[in-house]
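Undergrad: Just dropping this structure here.
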Amino acid sequence: MSPPAPPTPSLPLKMALPKGRLLEPALALFRTIGIAASEPATTRKLLVPSSDGTLSFLFVKPGDVPVYVESGAADLGITGTDVLRETDADVLEPLALGFGACRLVVATPKNVAYPSLPGGVTPRVATKYPRLTRSFFAETGLGVEVITVSGSVEVAPLLGLSHWIVDLVDTGRTLRENGLVERAQILDVGAVLVVNRASQKLKLDLHQRLLARLQEASRQQSSKPQAASGS
Ligand code: PRP
94 MSPPAPPTPS
104 LPLKMALPKG
114 RLLEPALALF
124 RTIGIAASEP
134 ATTRKLLVPS
144 SDGTLSFLFV
154 KPGDVPVYVE
164 SGAADLGITG
174 TDVLRETDAD
184 VLEPLALGFG
194 ACRLVVATPK
204 NVAYPSLPGG
214 VTPRVATKYP
224 RLTRSFFAET
234 GLGVEVITVS
244 GSVEVAPLLG
254 LSHWIVDLVD
264 TGRTLRENGL
274 VERAQILDVG
284 AVLVVNRASQ
294 KLKLDLHQRL
304 LARLQEASRQ
314 QSSKPQAASG
324 S
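Taken in order, the sequence shown gives residues 94 to 324; the numbers are from this note's numbering.
This is how it looks when you write it as structure tokens:
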């Protein structure tokens with residue numbers, strides 16, 4: 094029997110990236126500074142070294158990026174401020190990246206009243222963001238029942254699961270096509286770099302060098318004409 098292969102030496106920084114709509118702009122940002130994943134985007138591998146050996150990319154569910162970074166399983170990551178505020182992770186947030194702009198809003202079917210329902214009925218609100226939703230309605234003094242779902246939130250009022258929803262709006266197409274209208278804005282959302290506190294201290298030089306390169310890349314990208322956003 095041949096001896097086991099030696100473990101792959103761990104690369105200096107592990108970067109958690111969210112699978113989904115932020116992934117391509119995040120990878121494009123890295124390509125701007127000459128860092129590319131060593132495997133094609135179609136790979137099923139979840140931990141992929143960069144071709145220049147600077148980083149390893151860790152591809153995770155968008156909602157999990159803050160947890161990986163807060164725990165130190167990843168040194169740093171890219172996430173949306175929606176997910177970051179929802180998880181309330183204790184991480185550093187040194188750079189807004191200038192992509193992934195959208196907003197978290199309250200929306201309702203056109204014929205459903207807001208901000209209160211007739212007859213004193215307690216509104217049910219479906220959302221992927223229970224913490225932000227509770228906190229918004231607590232601040233505005235409206236008593237609501239929050240129903241947590243994990244996607245396709247816009248269908249909830251159509252099926253009677255909820256009266257209202259709290260969800261992200263980018264182009265507005267999903268709201269429109271499901272007969273919903275925006276009633277209140279909760280949060281401006283965008284992609285940010287997040288960094289583990291301990292890793293930042295222990296690997297200060299690596300973090301500072303990468304941050305400087307990402308700042309420059311982000312500056313270059315934001316000075317380019319923007320393509321229309323879309324889902
Ligand atoms: C997001 C969000 C909205 C939609 C908004 O959903 O939750 O549903 O995009 O985009 P729009 O305003 O451009 O239509 P996503 O596609 O991530 O799927 P999900 O709802 O299943 O999470």
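Note that beta-carbon positions come from the ideal geometry of N, C-alpha and C, so glycine has one too. Values in this document were obtained by computation on a predicted structure and should not be read as measured data.
Compare the C-alpha of proline 202 against each of Ser144, Gly127 and Gly253 and name the closest.
TA: Translated into positions along the sequence shown, residue 202 becomes position 109. That would be Gly253, whose Cα lies nearest to the Cα of proline 202.
Undergrad: Can you determine whether any heavy atom of the ligand PRP sits closer than 7 Å to the C-beta of threonine 180, and answer yes or no?
TA: On the sequence shown, position 87 is the one that residue 180 refers to. Because no heavy atom of the ligand PRP lies under 7 Å away, the Cβ of threonine 180 does not count as near it: no.
Undergrad: Just to confirm, does threonine 215 get its C-beta within under 7 Å of one of the non-hydrogen atoms of the ligand PRP?
TA: Looking up residue 215 in the sequence shown gives position 122. Checking every heavy atom of the ligand PRP against the Cβ of threonine 215, none is found closer than 7 Å.
Undergrad: On the three-state DSSP scale, how would you describe leucine 307?
TA: Counted from its first residue, the sequence shown places residue 307 at position 214. Helix.
Undergrad: Does DSSP put proline 111 in a helix, in a strand, or in coil?
TA: Within the sequence shown, numbered from 1, the residue matching residue 111 stands at position 18. Proline 111 falls in the strand class under three-state DSSP.
Undergrad: Where are the beta strand (DSSP E) runs, 3 residues long or more, that stay fully inside the stretch 179-238, in chain order?
TA: Runs of the beta strand (DSSP E) inside the stretch 179-238: 185-189, 195-202 and 217-220.
Undergrad: Strictly by DSSP, which residues pair up with isoleucine 128?
TA: Reading the sequence shown from its first residue, position 35 is the one you call residue 128. Paired residue(s): none; isoleucine 128 is not in a bridge.
Undergrad: Less than 8 Å between the CB atoms is what I'm expecting for serine 255 and alanine 219, so what's the real figure, rounded?
TA: For the purposes of this step, residue 255 is taken as residue 162 along the sequence shown, with counting starting at 1. For the purposes of this step, residue 219 is taken as residue 126 along the sequence shown, with counting starting at 1. Their Cβ separation, rounded to whole angstroms, is 4 Å, which keeps serine 255 and alanine 219 in contact under 8 Å.
Undergrad: Let me confirm a value: asparagine 204 is counted as buried when at least 16 other C-beta atoms fall within 10 Å, else exposed. Which label applies?
TA: Locating residue 204 in the sequence shown gives position 111, where the first residue counts as 1. Flag for asparagine 204 reads exposed.
Undergrad: Whole angstroms is fine: what's the gap from valine 70's alpha carbon to glutamine 301's?
TA: The structure shown does not extend to residue 70, since the chain is modelled only from 94 to 324, so the question has no answer here.
Undergrad: To the nearest angstrom, how far is the alpha carbon of tyrosine 207 from that of proline 250?
TA: Along the sequence shown, read from residue 1 onward, the residue named residue 207 stands at position 114. Along the sequence shown, read from residue 1 onward, the residue named residue 250 stands at position 157. Computed Cα separation, rounded: 13 Å.
Undergrad: How many angstroms separate the CA atom of leucine 261 from the CA atom of cysteine 195?
TA: Translated into positions along the sequence shown, residue 261 becomes position 168. Translated into positions along the sequence shown, residue 195 becomes position 102. Each residue's alpha carbon lies about 7 Å from the other.
Undergrad: What does the Cβ neighbour count give for proline 216, buried or exposed, with the cut at 16 atoms within 10 Å?
TA: Taking the first residue of the sequence shown as position 1, residue 216 is located at position 123. Buried.
Undergrad: Using 10 angstroms around the beta-carbon of glutamate 179, count the other beta-carbons present and answer buried if the total reaches 16, otherwise exposed.
TA: By 1-based counting over the sequence shown, the position of residue 179 is 86. Label assigned to glutamate 179: buried.
Undergrad: Among all the DSSP beta bridges, which residues are the ones paired with threonine 241?
TA: Walking along the sequence shown from the start, residue 241 turns up at place 148. Bridge partners of threonine 241: Thr220.
Undergrad: Can you name the residues that DSSP bridges to glutamate 275?
TA: Taking the first residue of the sequence shown as 1, we reach residue 275 at position 182. Ala200.
Undergrad: Would you say serine 245 touches the ligand PRP, meaning its beta carbon is less than 7 Å from a heavy atom?
TA: For the purposes of this step, residue 245 is identified with residue 152 of the sequence shown, where counting begins at 1. Indeed, a heavy atom of the ligand PRP lies less than 7 Å from the Cβ.
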